[in-house]
Structure formats: C-alpha cells, structure tokens
Amino acid sequence: MTGTSKNPVADVPRGTTIRGKWNKQTYQIMKKLGSGALGTVYLADSVKGRVALKVGTDSMSITSEVNVLKQLSMVQGTVLGPFFYEIDDWERNGKKFPFYVMEYIDGEPLFTFINRRGKEWIGILMLQLLRDLSVLHREGWVFGDLKPDNLLVEGSPPTMRWLDVGGTTPMGRSVKEFTEFFDRGYWGLGNRVAEPSYDLFSVAMIVLNAGYPKRFDRPKKDSEHYLMNKIEGSQLLREYKPILRKALLGKYNYASEMRQELFALLQGEQINVRKNKNVAGHSRVAARQTRPTVKKKRSGWIETVLLVAFLLFFYTLYLVGHIF
Amino acid sequence: MKKGTLRQILLITDGCSNQGEDPVAMAALAREHGMTVNVIGVLDENERTDGLKEIENIALSGGGIHQLVYAKQLSHTVQMVTRKAMTQTIQGFIHKELQSILGHDKEIEDLPPDKRGQVVEVVDELGETMDLEVLIMIDTSASMQHKLPTVEDALLDLSISLHSRIGENEYALYAFPGKRKQVERLMDWTPILKDIHTIFPKLTTGGITPTGPALKEAIDAYQKKRSKRGLLNDGYIEESSS
Ligand SMILES: Nc1ncnc2c1ncn2[C@@H]1O[C@H](COP(=O)(O)OP(=O)(O)OP(=O)(O)O)[C@@H](O)[C@H]1O
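Read top to bottom, the protein sequences are chains R and G. Last residue of the first sequence: number 353 in the numbering used here, and the count goes up by one each step with no gaps. Last residue of the second sequence: number 262 in the numbering used here, and the count goes up by one each step with no gaps.
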C-alpha cells in the first residue's frame with residue numbers, strides 16, 4: 030500500500046456497462062459522483078432505476094463498508110445510510126474490481142443547502158441529525174466520521190441523509206475513520222473510543238464549521254478556551270453556545286439529551302420572533318400615520334417573516350412528534 | 021489460545037541514510053524476525069526528497085507501509101499508517117489461513133462477496149483486540165530539527181488512537197543519530213506514551229543519518245524484550261490462556 034498508487038477505476042467512461050461476476054446484474058455508468066481514498070462512486074442506471082455504484086481496488090475495504098451498510102439497512106423504521114442493494118466483482122481486462130450498489134441520494138451538500146435556504150435551517154437539520162444519531166446509537170453503533178461532506182439534504186420536506194458510512198464503528202471500539210476538525214482527539218478533548226459523545230462532539234463542530242466555513246487549526250494548548258472564543262466570535266454560533274459547549278466538553282451522554290436542549294433553545298427563539306412581531310406591529314401602527322405608502326411594502330415583508338417563523342415552528346413540532 | 025502480539029517498527033525520517041548498514045537489508049532482516057517496518061517521510065511545504073526511493077524500499081522489504089507527508093498532516097498520517105499496517109499484517113495471517121483451507125493460490129477474492137464480510141469481521145476484531153508493540157525510530161538529523169515539535173504532536177495523537185482500542189499497547193522511542201552513539205534510546209518499553217516533551221527538547225541534531233544501524237538497533241531491542249519475556253514465562257509466570 031502506498032500513498033501514491035493510482036486508482037485504475039477512477040475514470041470509468043460514461044456508457045460503460047458493468048456486469049457483476051457473481052450475480053450477473055448489469056449497470057450502465059451515467060456519470061462520476063466523486064472519488065475517495067478507497068474508491069470511486071458513479072451514478073448508474075439499472076433495472077432498479079438510478080443507483081450509486083462504488084467501485085474500488087481493495088476488496089477488504091469495500092467489504093468493510095458493505096458490512097456497515099447491511100447493518101444499517103437492518104435498522105427498522107428509520108433510514109440511516111443509503112439503502113444497500115448488492116456487492117459483486119467487475120472483471121475488466123482480466124482484473125477483478127470489487128464494487129457495491131446502493132441507493133442514489135439525489136441531495137444537496139449540507140452547507141450549500143443552508144447557504145441557499147437560510148441559516149435558521151442549521152438548527153432544524155441538527156435536530157434531525159440528532160434524532161437519527163440516537164437511533165444509530167441505540168442500535169450499538171457510532172457514526173465516527175461525521176462531517177458536512179458526509180451529509181446531504183434531500184427532497185421536500187428537506188431531510189438529512191448520510192453518506193460514506195465507512196467510519197461507522199461498533200460501540201466501545203476505536204473509531205475507524207475520522208476527520209481532524211471534527212475529531213475530539215485532535216482537539217485534545219477526549220479519546221477515540223466509539224461512544225455517543227464522540228459523535229455529539231462532531232455535531233457541535235459541524236455547527237462551528239457553519240460559522241467558520243474555512244475551518245481553523247487547533248491552538249498549541251487550551252483548545253477549550255480557544256473554541257469558546259470562536260463561538261463567541263460568531264454571531265451565528267453565539268446563540269447556540271450553551272449547547273455547543275456541553276457537546277464539546279462531552280457533557281451529553283445521549284443524542285436525545287442534546288436534542289431536547291437544542292429543541293428548547295430553538296423554541297425559545299420562535300417565541301422571541303413572535304415577540305418581535307408585536308414590536309413590529311406597533312411600529313406599523315406608527316408608520317400608518319406618517320408614511321402610508323411605505324406601510325404596505327413593509328407589512329408584506331413582516332407577513333413573510335411571520336409565515337417563515339410559523340412554518341419553522343410547526344416543522345420543529347413535527348420533527349419532535351417523530352421521536353416521542 | 022493466547023492472543024498474538026503485533027510488532028512494528030515505525031521510522032520517521034526526511035531523507036537519505038548516509039552511514040552504516042544498508043537500511044533496506046536491515047528492514048528485510050526485521051521482517052524475518054516477524055516485525056513490520058513502516059516508514060513515514062516528513063517534508064516541508066515545497067520540499068522534495070531524494071530519499072523517496074529508499075523510503076519506499078525500506079517499507080517494501082520490511083513488509084510495511086510508507087507514506088510521504090507534509091509536516092502539517094503528520095498527526096493524521098502516523099496513526100493511519102500504524103492502523104493500516106496492523107490491518108495489513110492481520111490480513112496477511114488470514115490470507116495464509118484461508119489458503120490452508122481453500123487450497124493454494126486461492127485469494128479472498130475467490131470467496132463469494134457475501135462470505136467476505138465474515139473475513140473482514142475477523143480482521144476488524146483482531147485489529148481491535150490484539151496487543152501491539154511499536155518501536156518508534158526518529159531521525160534527528162539537522163534537517164529534521166524544526167519538524168520535531170510536529171513529530172511530538174503526531175506521537176501523542178497516535179497514542180490517543182491506540183489507547184482507544186481494546187488491546188494493550190507498548191511503545192519504545194529511539195532517536196538517530198544520538199548524542200554520542202549512532203542510535204540512542206529515549207524511552208524504554210512503556211505502555212503510556214506521555215511526557216515526550218520532557219525528552220524531545222534535549223535532542224541535539226547531528227549531520228549524519230544512520231538509518232541502517234538504527235533499524236539494526238530496533239531489531240536488537242525487540243530481541244531483548246522477547247528473551248526477557250521468555251524468561252519470565254518459562255520461569256515464573258503461567259501462560260495466561262485468554
Ligand atoms: N449513495 C450516494 N448517493 C449520491 N452520491 C453519493 C453516494 N455515495 C457517495 N456519493 C458521492 O460520491 C462522493 C465520493 O464518495 P465516497 O464515499 O467514495 O467518498 P469520500 O467521502 O470522498 O471518501 P473516502 O472513500 O475517502 O471515505 C461523495 O462525496 C458523494 O458526493
């Protein structure tokens with residue numbers, strides 16, 4: 030194994046037909062979705078419709094990912110990872126390349142979605158993520174390599190989906206794969222034992238990443254202080270501080286605890302928005318006497334804000350309804 | 021059955037050896053002794069190394085992994101290379117086992133994909149639970165001087181990863197060239213890789229790079245450790261059967 034070896038299946042041309050050696054299913058490559066350290070993912074067409082197909086060179090690591098996908102597919106009632114279809118080998122020019130086929134998730138990267146739809150989505154999507162994590166944890170697994178790149182937002186209502194479950198580790202073992210910025214070991218704030226608090230640290234760092242899109246390096250010492258200052262330094266993050274702080278310091282033992290507190294915080298926010306509505310109402314009255322033409326425009330704007338606030342509020346209620 | 025122990029030599033360097041035995045030969049010798057030799061080449065941004073071929077060849081003949089990195093990515097790389105090398109060694113064992121069951125020149129790839137899952141589970145299980153001994157050999161020649169703080173961070177990071185495993189770990193730390201000798205022991209076998217900073221600043225950096233002699237010393241250190249343990253096992257301690 031070397032760091033420089035080139036992956037011979039990283040550029041399979043569009044239109045290529047991949048036929049499984051064992052199960053004899055065929056897939057037609059439509060386009061490349063992305064390449065990772067262990068293989069390349071393609072969008073492909075098949076009798077099942079559009080699927081995502083990951084092909085690699087090392088059958089052990091491909092198999093290892095499949096083991097996790099199969100486990101996740103067995104979790105009842107919740108969709109965790111992409112749905113798993115099958116694993117097979119592709120023979121190409123006398124060489125065998127292992128591949129597996131999974132559900133194609135037609136989503137948008139987390140931060141692209143948030144930038145497009147608004148920062149208020151971050152809290153809501155985190156509620157969703159925490160709900161799914163609590164299911165995963167209950168099943169005895171820890172996600173491990175949790176980061177924005179592994180999260181897609183799909184469909185309507187927008188739903189958070191997970192990709193790349195290669196880091197998913199049974200509870201109590203050492204986390205298989207991680208990314209420094211989201212790893213508590215890197216920040217000197219804990220070990221790499223797979224337990225719920227490991228994932229919750231990463232959730233907090235995802236929120237920090239939303240406030241600091243370029244990320245940042247660790248300091249020489251006293252990460253805790255450093256991270257708290259970063260939270261204080263961002264308007265987006267400041268309101269989440271109590272929750273982020275607890276997650277970063279490993280104070281939550283369960284995803285559901287963090288979720289409840291986040292929910293309460295977001296709910297408080299909705300109440301604030303409603304209070305603001307009253308204030309705005311007053312100024313509208315004042316405006317009516319002096320500038321009747323501006324009034325109309327502004328009230329339309331206020332209605333939109335109210336509508337959005339209400340929708341968010343109900344959406345949050347709806348989400349909570351799901352877990353209890 | 022007694023659980024096995026994985027033995028690794030981790031060489032952290034930035035270039036070519038220029039003194040003593042051929043390091044590639046020493047790596048081959050280490051392999052004969054049941055150790056794997058992994059090599060990490062640390063570069064500065066924009067730096068190139070003429071030592072690449074040697075780094076590659078040491079790892080190749082030592083049955084291990086090599087990786088070139090910039091100092092910034094060292095932490096992530098050291099723990100990753102160590103873990104990967106463990107997996108690779110375990111896969112090697114399993115491969116042999118499989119061959120004795122399935123017949124010669126049969127590979128894991130000859131199993132139907134659905135059966136491979138079980139093999140991977142065994143590899144994961146062993147990687148998590150087997151004991152590990154890592155002898156870390158650090159090049160302290162002049163050009164490495166300013167990279168040593170990063171090396172220290174990387175080693176602490178390695179210990180975080182390894183201590184999160186279920187299996188036991190032991191480390192030993194050596195530097196080459198040493199103050200008076202070609203190779204100097206900084207830390208004898210210990211289960212906790214801590215307080216490295218108390219040793220590191222005292223290093224003086226020399227101009228020579230005796231990589232071969234360093235590997236030779238590493239083999240000796242393992243031999244001594246093994247014979248000590250053998251003595252204990254034969255004489256005083258019942259072999260634990262876990
Ligand atoms: N099921 C899927 N549906 C849609 N897109 C996917 C799916 N799986 C992967 N992708 C896309 O393909 C890219 C590569 O995926 P992959 O899991 O190989 O990669 P990675 O996270 O970049 O790396 P690594 O292999 O190192 O973990 C992803 O970034 C994602 O955009």
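Ideal placement from N, C-alpha and C gives every residue a C-beta, glycine not left out.
**OP:** Following the continuous beta strand (DSSP E) through Lys275 (chain R), name the residue where it begins and the one where it ends.
**Re:** No beta strand (DSSP E) holds Lys275 (chain R); the alpha helix (DSSP H) holding it covers Lys270 to Leu277.
Subject >> Extent of the continuous alpha helix (DSSP H) to which Gly137 (chain G) belongs >> reply: Pro133 to Thr149
Original post:
Do Asp208 (chain G) and Ala195 (chain G) have their CB atoms nearer than 8 Å?
Top reply: no
Original post:
Using a C-beta cutoff of 8 Å, does Ser184 (chain G) count as contacting chain R?
Top reply: yes
Original post:
Whose CA, out of G:Ser247, G:Gln93, G:Lys236 and G:Lys245, lies closest to the CA of Leu49 (chain G)?
Top reply: G:Lys236
Subject >> Within 7 Å of chain R by C-beta, residues of the region 161 to 182 of chain G in sequence order >> reply: Asp177, Ile180 and Ser181
Subject >> Environment of Gly227 (chain G) [buried if 16+ CB atoms lie within 10 Å] >> reply: exposed
**OP:** For Gly78 (chain R), count neighbouring Cβ atoms within 10 angstroms of its own Cβ and tell me buried if that reaches 16, exposed if not.
**Re:** exposed
Original post:
If you measure from the beta carbon of Arg136 (chain G) to each beta carbon in chain R, is any gap under 8 Å?
Top reply: yes
Original post:
Closest by CA to Tyr241 (chain R), which one among R:Val232, R:Leu265 and R:Ser252?
Top reply: R:Leu265
Original post:
Does DSSP classify Leu175 (chain R) as helix, strand or coil?
Top reply: coil
Original post:
Near Pro43 (chain G), what residues of its chain come up, given a Cβ to Cβ distance below 6 Å and the 5 sequence neighbours on each side ignored?
Top reply: Ser37, Ile78, Thr231, Gly232 and Leu235
**OP:** Determine the closest residue to Lys214 (chain G) out of G:Asp173, G:Leu80, G:Val59 and G:Gly40, with distance taken between C-alpha atoms.
**Re:** G:Asp173
Subject >> Member of R:Gln54, R:Lys53, R:Phe112 and R:Ser90 whose CA lies at the smallest distance from the CA of Thr69 (chain R) >> reply: R:Ser90
**OP:** Under 6 Å Cβ to Cβ from Ser179 (chain G), same chain only, skipping five residues before and after it: list those, please.
**Re:** Leu213
Subject >> Inter-residue CB distance, Gly84 (chain G) and Leu72 (chain G) (contact presumed, cutoff 8 Å) >> reply: Going by Cβ atoms, the distance from Gly84 (chain G) to Leu72 (chain G) rounds to 16 Å, so no, they are not a contact pair.
**OP:** Only counting runs of 4 or more residues, tell me where the alpha helix (DSSP H) segments fall wholly within the region 220 to 283 of chain R, in order along the chain.
**Re:** 225 to 240, 252 to 261, 264 to 267 and 270 to 277
Subject >> Ser181 (chain G) vs Arg221 (chain R) beta-carbon contact at 8 Å >> reply: yes
Original post:
Which residues bound the alpha helix (DSSP H) around Gln87 (chain G)?
Top reply: Here Gln87 (chain G) belongs to no alpha helix (DSSP H); instead the beta strand (DSSP E) covers His86 to Tyr90.
Subject >> Under 8 Å by beta carbon: chain G residues contacting Lys125 (chain R) >> reply: Glu129
Subject >> CB contact check: Met89 (chain R) to chain G, cutoff 8 Å >> reply: yes
**OP:** With 7 Å as the limit, tell me which residues of the region 220 to 241 of chain R have their beta carbon closer than that to any beta carbon of chain G; keep them in chain order.
**Re:** Asn220, Arg221 and Val222
**OP:** Taking only heavy atoms of ligand 1 into account, decide whether any of them is closer than 7 Å to the Cβ of Tyr133 (chain R).
**Re:** yes
Subject >> Contact list for Trp51 (chain R) against chain G, beta-carbon separation under 7 Å >> reply: Pro132 and Pro133
Subject >> Same chain, Cβ closer than 7 Å to Gly24 (chain G), five either side skipped, listed in chain order >> reply: Met150
**OP:** Return the first residue and the last residue of the beta strand (DSSP E) that Lys60 (chain R) is part of.
**Re:** Thr55 to Ser64
Original post:
In terms of DSSP beta bridges, what is Tyr133 (chain R) paired with?
Top reply: Tyr133 (chain R) pairs with nothing; no bridge assigned.
Original post:
By DSSP, does Phe207 (chain R) sit in helix, in strand, or in coil?
Top reply: coil
Original post:
Interface residues of chain R around Glu148 (chain G) at Cβ under 7 Å?
Top reply: Arg202 and Ser203
Original post:
Taking Cβ-Cβ distances below 9 Å as the criterion, which residues of the region 106 to 122 of chain R are in contact with chain G?
Top reply: Glu115, Ile116, Asp117 and Asp118
Original post:
Which value, in whole angstroms, describes the spacing of the CA atoms of Val143 (chain G) and Pro37 (chain R)?
Top reply: 26 Å
Subject >> Cα-Cα separation between Ile47 (chain R) and Asp228 (chain R), rounded to whole angstroms >> reply: 36 Å
**OP:** Flag Gly44 (chain R) as yes if its beta-carbon sits less than 8 Å from any beta-carbon of chain G, otherwise no.
**Re:** no
Original post:
Could you give the residue range of the alpha helix (DSSP H) that holds Ser163 (chain R)?
Top reply: Glu149 to Arg167
**OP:** State the Cα-Cα distance for the pair Glu94 (chain R) and Val59 (chain G), rounded to the nearest angstrom.
**Re:** 27 Å
Subject >> 3 or more residues per run - each beta strand (DSSP E) lying fully within the region 40 to 122 of chain G >> reply: 56 to 63 and 86 to 90
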